[in-house]
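Here the structure comes first, spelled out in structure tokens, and everything after it is commentary.
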Amino acid sequence: RKEVEQDPGPFNVPEGATVAFNCTYSNSASQSFFWYRQDCRKEPKLLMSVYSSGNEDGRFTAQLNRASQYISLLIRDSKLSDSATYLCVVIGAAGNKLTFGGGTRVLVKP
Amino acid sequence: DVKVTQSSRYLVKRTGEKVFLECVQDMDHENMFWYRQDPGLGLRLIYFSYDVKMKEKGDIPEGYSVSREKKERFSLILESASTNQTSMYLCASSPGHTTDTQYFGPGTRLTVL
Chain A
32 RKEVEQDPGP
42 FNVPEGATVA
52 FNCTYSNSAS
62 QSFFWYRQDC
72 RKEPKLLMSV
82 YSSGNEDGRF
92 TAQLNRASQY
102 ISLLIRDSKL
112 SDSATYLCVV
122 IGAAGNKLTF
132 GGGTRVLVKP
Chain B
14 DVKVTQSSRY
24 LVKRTGEKVF
34 LECVQDMDHE
44 NMFWYRQDPG
54 LGLRLIYFSY
64 DVKMKEKGDI
74 PEGYSVSREK
84 KERFSLILES
94 ASTNQTSMYL
104 CASSPGHTTD
114 TQYFGPGTRL
124 TVL
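Quick note, the sequences are listed as chains A and B, same order. Numbering-wise (my numbering), the first sequence opens with residue 32 and increments by one. Numbering-wise (my numbering), the second sequence opens with residue 14 and increments by one.
If you want it as structure tokens, here you go:
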């Protein structure tokens, strides 16, 4: 089993709709979690951190479910510019290992 | 703005050649990383460095080496390039702790023929 797994997609989303997807991790002692965004042919950039209590940044909401060992990202009122690959990142128990998921591709269509 | 630059966007080399990929960051970051990104496999960590002249193996170090002689520069070396090293190589830096944001360079698309 991979340490960090994501549904590769693509998730085809009508403009204005809501889309949500998860990222599962295998190490229950993992410490920190992040979502990065990667546009086509570009480098990844930090989208948001994921806090235990859940957090929101505009139209984006990130949640952590430690019991089931997954994090989620929800995008409301999808824009065409939200089309990208979303990478989850998990920091290991010792705090010194950072593992990327394979990414979930989202395509927002008019 | 943090800037991470990589020496080439595209590179074509032949099997057996020695290949140098250079990465420079301008924000005095402590940590620097080299990843490769392949379809279906995501980003995989090759090597990282927490300080000058210091290096640590990542998940897939075989066939690679690194050099960090100056804080701002982190080089990835393919001693004898092979076709299975054809990939997108991404360099990243972060200020200090592992949980700090990683800032990525634009990537180098390496093709080994």
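All C-beta atoms, glycine included, are put in the ideal place defined by N, C-alpha and C. On a predicted model such as this, the values are computed, not experimentally measured, just so you know.
Nearest-angstrom Cα distance between residue i and residue j?
{"i": "T135(A)", "j": "E36(A)", "result": "10 angstroms"}
{"i": "P9(A)", "j": "N96(A)", "result": "Outside the shown range of chain A (32 to 141) lies residue 9(A), about which nothing can therefore be said."}
{"i": "V32(B)", "j": "E92(B)", "result": "7 angstroms"}
{"i": "M152(B)", "j": "T121(B)", "result": "Any answer about residue 152(B) is impossible in this case: the structure gives chain B only from 14 up to 126."}
{"i": "Y95(B)", "j": "E75(B)", "result": "The amino acid occupying residue 95(B) in the given sequence is Ser; Tyr does not appear at that position. For S95(B) and E75(B), the distance between alpha carbons rounds to 12 angstroms."}
{"i": "G133(A)", "j": "L103(B)", "result": "15 angstroms"}
{"i": "A17(A)", "j": "L126(B)", "result": "Past the edges of chain A, shown from 32 to 141, lies residue 17(A), and the structure says nothing about it."}
{"i": "V50(A)", "j": "T92(A)", "result": "11 angstroms"}
{"i": "K76(A)", "j": "G29(B)", "result": "34 angstroms"}
{"i": "Q38(B)", "j": "Y77(B)", "result": "21 angstroms"}
{"i": "E35(B)", "j": "D70(A)", "result": "23 angstroms"}
{"i": "K68(B)", "j": "W47(B)", "result": "11 angstroms"}
{"i": "P39(A)", "j": "G53(B)", "result": "8 angstroms"}
{"i": "L105(A)", "j": "Q98(B)", "result": "35 angstroms"}
Quick one: grab the DSSP three-state call for residue i.
{"i": "Q38(B)", "result": "strand"}
{"i": "S112(A)", "result": "helix"}
{"i": "N97(B)", "result": "helix"}
{"i": "C71(A)", "result": "coil"}
{"i": "P45(A)", "result": "strand"}
{"i": "A51(A)", "result": "strand"}
{"i": "A114(B)", "result": "Note on identity: in this sequence residue 114(B) is Thr, with Ala being the wrong assignment. Looking at T114(B) - three-state DSSP - the assignment turns out to be coil, as it is neither helix nor strand."}
{"i": "R86(B)", "result": "strand"}
{"i": "E87(A)", "result": "strand"}
{"i": "E69(B)", "result": "strand"}
Using C-beta distances below 7 angstroms, list every residue in its chain close to residue i, excluding the 5 sequence neighbours before and after it, in chain order.
{"i": "R32(A)", "result": "S57"}
{"i": "G47(A)", "result": "D108 and S109"}
{"i": "P45(A)", "result": "K140"}
Check the C-beta distance from residue i over to residue j and give it rounded, since I have them as a contact under 8 angstroms.
{"i": "K140(A)", "j": "N53(A)", "result": "With 8 angstroms as the limit, K140(A) and N53(A) do not qualify as a contact, their Cβ atoms being about 22 angstroms apart."}
{"i": "T124(B)", "j": "V25(B)", "result": "5 angstroms"}
{"i": "G71(B)", "j": "Y63(B)", "result": "About 12 angstroms separates the two Cβ atoms, so there is no contact after all."}
{"i": "N44(B)", "j": "S106(B)", "result": "6 angstroms"}
{"i": "Y117(A)", "j": "T55(A)", "result": "About 14 angstroms separates the two Cβ atoms, so there is no contact after all."}
{"i": "V121(A)", "j": "S83(A)", "result": "Actually they do not touch by this definition, with Cβ atoms about 14 angstroms apart."}
Go through its chain and collect everything with a Cβ distance to residue i's Cβ below 6 angstroms, but skip five positions before and after it.
{"i": "K84(B)", "result": "V65"}
{"i": "S80(A)", "result": "F65"}
{"i": "D88(A)", "result": "M79"}
Give every residue of the same chain whose Cβ lies closer than 8 angstroms to the Cβ of residue i, excluding the five residues on either side of it in the sequence, and list them in chain order.
{"i": "R27(B)", "result": "A94, V125 and L126"}
{"i": "S59(A)", "result": "R97 and Q100"}
Using a beta-carbon distance cut-off of less than 9 angstroms, what residues from the segment 72–103 of chain B approach chain A?
-> D72 and L103
Return the residues of the segment 70–93 of chain A that lie within a Cβ-Cβ distance of less than 9 angstroms from chain B, sorted by chain order.
-> R72, K73, E74, P75, K76, L77 and S80
Of all the residues that make up the segment 50–71 of chain B, which are near chain A by a beta-carbon distance shorter than 8 angstroms?
-> G53, L54, G55, L56, R57 and L58
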